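Student:
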Amino acid sequence: MNGWTTERRQRQAQLIKQWQPWQHSTGARTLEGKAIASRNAFKGGFRQQLKELSQLLRAQKQAIDEIG
């Protein structure tokens with residue numbers, strides 16, 4: 000049980016309908032802000048870069064092993 004009784008849930012629903020938090024929500028309003036917000040989910044692409052670097056190092060090691 001999460002502590003939310005039926006009465007508490009109904010009361011909270013009434014309060015939220017009165018407050019209307021969606022009317023006061025903020026978000027990016029300028030083009031610059033929207034451009035920044037559009038990159039919120041970007042993780043950086045480091046995993047792919049690390050994979051490519053690992054492949055290059057492996058190939059380099061194989062080349063060195065063949066020479067020496």
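Anchor point for the sequence shown: position 40 equals 39 in numbering that gives the first Met the number 0, and the numbering is continuous, going up by one each time. Even glycine gets a Cβ: it sits at the ideal position worked out from N, Cα and C. Please read all numbers here as calculations on a predicted model, not as lab measurements.
Taking the alpha-carbon positions, what's the residue 20 to residue 43 distance?
Tutor: The straight-line gap from Cα to Cα measures roughly 33 Å.
Student: Spatial neighbours of residue 27 within its chain, please: CB distance less than 6 Å, with the 5 preceding and 5 following residues excluded, ordered by chain position.
Tutor: Once the five neighbours on either side are set aside, the close Cβ partners of residue 27 are 33, 36.
Student: Specify, as a first and last residue, the run of the alpha helix (DSSP H) that residue 45 falls within.
Tutor: Segment 45-66, the alpha helix (DSSP H) holding residue 45.
Student: Kindly indicate the opening and closing residues of the alpha helix (DSSP H) around residue 32.
Tutor: Counting along the chain, the alpha helix (DSSP H) containing residue 32 begins and ends at 30-36.
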